[in-house]
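So the structure is just underneath, and the comments pick up after that.
2 protein chains.
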Amino acid sequence: MDERLDPWGSVEVADYERLMKKFGIESAVKYQKKFNDLIYFRRGIIFGHRDFGRIADAIENRKRFAMMTGMMPSGTFHLGHKMVADEIIWFQKKKADIFICAADIESYLMRDMPLDKARKIAIEEYLTNYVALGLKPENVTFWFQSDYKKEYYRLCDIAAKEVTFNELKGIYGELTNGKIISALKQVGDILHPQLKEFGGPRPVVVPVGTDQDPHLRLSRDISSRLQGFNMIPPSATYHKLMSGLQGGKMSSSKPDSYISLSGNPKTESKKVLSAKTGGRATLEEQKKLGGIPEQCVVYEMCFYHLVEDDKELEEMRSDCKSGKLLCGECKKKCSEKLEKFLAEHQKKRVEAGKIVEKILKQK
Amino acid sequence: MDERLDPWGSVEVADYERLMKKFGIESAVKYQKKFNDLIYFRRGIIFGHRDFGRIADAIENRKRFAMMTGMMPSGTFHLGHKMVADEIIWFQKKKADIFICAADIESYLMRDMPLDKARKIAIEEYLTNYVALGLKPENVTFWFQSDYKKEYYRLCDIAAKEVTFNELKGIYGELTNGKIISALKQVGDILHPQLKEFGGPRPVVVPVGTDQDPHLRLSRDISSRLQGFNMIPPSATYHKLMSGLQGGKMSSSKPDSYISLSGNPKTESKKVLSAKTGGRATLEEQKKLGGIPEQCVVYEMCFYHLVEDDKELEEMRSDCKSGKLLCGECKKKCSEKLEKFLAEHQKKRVEAGKIVEKILKQK
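Those sequence lines, one after another, are chains A and B. Okay, so the first sequence: first residue is 0 according to numbering that gives the first Met the number 0, each after it adds one. Okay, so the second sequence: first residue is 0 according to numbering that gives the first Met the number 0, each after it adds one.
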């Protein structure tokens, strides 16, 4: 079957198991306990990895390593993006050098986003929310693809020699100039932390959704082909993606699908009340059969973000399944939790300005 | 006929007239008198142009303009390269801002040339000889594609959006990553002098051989498509290429074909004695029929480089055609002229170091 992961297509992955087999992603189950201080590990939301052993070793034995992530600045920062932010911050606490890319050339070439607009979104939406969620300025390198250092551009350019046209076609499907340039920029984004000008060869982890795996595979291949750099193939973790409020994808282009972390807490948290749940057709039926948390976006939101405590989450789940906790009450609770979180987050956003400035300056 | 000019292929253009018609290059005849202080104009070696009117106007009316040229640093600097050097220096005297590119990314991607080796060649061979031939450091920007400013890289990247994959294919034939990246770098090379960071929109002339015309056409197209930059489509002049000493192409990879401007004056000038001439099979025949200067590389060398004075050149030509001047004597004369030129040039090369340093620093 000619199945490809497409970083610029739509993402809905029904069968993670099959994907892992097909693309050679390893199970992350063995890290669930070891790194249970991150709920995404603990709850299996990070389901797979490549070469994460190197990163685990670096964390446990206090060796140098880096974390790299990129964002395509395309709209409001929502709950779906919070996961990467939490992962960045977790890796920072584990002493990683943090590299964050605003992929403005990619959003220009692939999404028609003007560079100045992308810059504004990257700073005001993404970076500000990262800081409000807990990102510290120490050891953070934040860059725009359109506004960085020559060593980075040099790497993107010479990387072109380490992959054939047909390989790129095999990875990304029919090629366009935009796809080729974007792919090579991603390779530079992922690999440049190992240039001597940026800290030299060391393990680098890139937390991604599966849709970004093509960039990872390409970067890993090129890292081992590049002569004279002694690069270590970058590691990756793969997380599941949270659904949108009405099911489907949580997307910046559909306000009904997301909870914005920059929006008004009241307005945003109200959206929970009309979210898709795992409730039954009638109240009677639900009392009798119980709800289906596995199909409930509200439960998913608690599972990913709103309920840190495992016992509380388990209680919620079993109360739903037993028919004790009905959707109305549950949505109200969840909405209140969300409003509280967003209200506090708003305060932190206001305070984030100075740190954001600092990070932008130290580029 | 599917005929293409190929910047990375071999160049032998028999029929300049046909080429001009086919690719829409205009005749440069009308500039032969106006700019007769440059022998390449005066003698019709610069045979064609695109939009040179803008440049003529800028020169005559003392308006701002720039000259841009690139080199692929691939080996010794020879007489064939001297023509571009002389053109650079002529434009500098006409008050152009001078932009000189060392296309090291291109030579890496297309010719397997390591970046450090390309840098050495670009400086020691090309730039040093430019300075020895008369390039002044004032208003010169000299850059390596691998080592320049972010605004340049940004332009190369966004240019990718202004041309389709199929257009590139139409211009360059079957595509490779290397071709695409090299072509976009050339676009950045040619157009970036018009960015506000580099002096803003103004006429820019690029003196080239016809093999480089694809880059010109692409750059001109993209200059008019780019929104918000107010770029003026770059102008170009097209010169004929001097033959190699044995006929065919003068090529850095064939020492018998070239006269090196960095080599030993005695050794290099001796090569003239075994060059291909327009002489007849026997001495008797030549005395009777005369030689054929149009087929003589030695005459060509004088025509392009060694005989500045038109009368002297005409005398040489008619004495050859009448059978008065025989090849042996002519080659000896030419060889002596060359040795004298090279010996003086060597002295200037030694003195060039400081100015080369200055140019490299002011990048």
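Beta carbons are placed, not taken as given, at the ideal position from N, Cα and C, and that holds for glycine. Keep in mind that this is a model prediction, so the values were computed, not measured.
Boundaries of the alpha helix (DSSP H) around M300/A: V296 to M300. L244/B has its alpha-carbon roughly 31 Å from the corresponding atom of A182/B.
Between the alpha carbons of K248/B and S242/B lies a gap of roughly 5 Å. Taken atom to atom, the span from the alpha-carbon of P264/B to that of I221/B is near 45 Å. For V271/A, no beta strand (DSSP E) encloses it, and the DSSP letter there is neither H nor E. Contact between the region 157-166 of chain B and the region 166-181 of chain A is present: three or more C-beta pairs spanning the two stretches fall below 8 Å. Using beta-carbon distances, G169/B does not count as an interface residue toward chain A, since no partner is under 8 Å. From the beta-carbon of A274/B, no residue of chain A is found nearer than 7 Å; the closest lies around 38 Å away.
Exclusion of the five residues before and after I354/A leaves V130 and P136 as the residues of its chain whose Cβ lies within less than 6 Å of its Cβ. Boundaries for S106/B: no beta strand (DSSP E) harbours it, while the alpha helix (DSSP H) harbouring it runs D103 to R110, taken from the DSSP string.
With a threshold of 8 Å between beta carbons, N229/B makes no contact with chain A. A direct Cα-Cα distance of roughly 19 Å separates S250/B from L337/B. Contact residues of the region 173-205 of chain B toward chain A are L174, T175, N176, G177, I179 and I180 (C-beta to C-beta distance below 7 Å). Judged by their CB atoms, G327/A and L288/A are not nearer to each other than the 8 Å cut-off. Beta-bridge analysis with DSSP links I354/B to no other residue. Taking a contact as a CB-CB distance under 8 Å, the pair A274/B and V306/B does not count as one, their CB atoms being some 15 Å apart.
Within chain A, no C-beta atom comes nearer than 9 Å to that of K116/B; the closest sits roughly 13 Å away.
Take the alpha-carbon of S106/A and the one of F340/B: they are about 55 Å apart.
For the 8 Å CB-CB criterion, G262/A and R279/A do not form a contact.
F22/B is not a Cβ neighbour of R201/B, given a cutoff of 8 Å.
Residue environment analysis places T266/B among the exposed positions, since fewer than 16 neighbouring C-beta atoms fall within 10 angstroms of its C-beta. For I97/A, the secondary structure class from DSSP, reduced to helix, strand or coil, is strand.
A direct Cα-to-Cα measurement between E299/B and I157/A gives close to 40 Å. At a Cβ-Cβ threshold of 8 Å, S234/B and D50/B count as neighbours. In the three-state DSSP reduction, I189/B falls in the helix class (H, G or I).
No Cβ-Cβ contact shorter than 8 Å links G187/A with Y237/A.
For K286/B, the closest alpha carbon among the candidates E356/B, S218/B, Y147/B and L324/B is that of L324/B. Counting only residues of its own chain and dropping the five nearest sequence neighbours on each side, I44/A has a CB closer than 7 Å to the CB of H238, K239 and Y303. According to DSSP, residue pairing for K248/A in a beta bridge involves S242/A.
When CB distances to chain A are screened at a threshold of 7 Å, the residues of the region 139-166 of chain B falling below it are S145, D146, Y147, K149, Y152, R153, D156, I157, A159, K160, V162 and F164, in chain order. Distance from the Cα of K331/B is smallest, within the candidate group I358/B, Q345/B, E350/B and C301/B, for C301/B.
Per DSSP, the beta bridge partners of H48/B are E25/B and T236/B. In its chain, beyond the 5 residues on either side, L132, G133 and L134 have a beta carbon closer than 7 Å to the beta carbon of I88/B. Membership of V130/B in the alpha helix (DSSP H) is indicated by the continuous run T127 to L132. At a C-beta separation below 7 Å, L108/A has these neighbours in chain B: A159 and K160.
The Cβ neighbour count for S259/B, taken over all protein chains shown within 10 Å, is at least 16; the residue is labelled buried.
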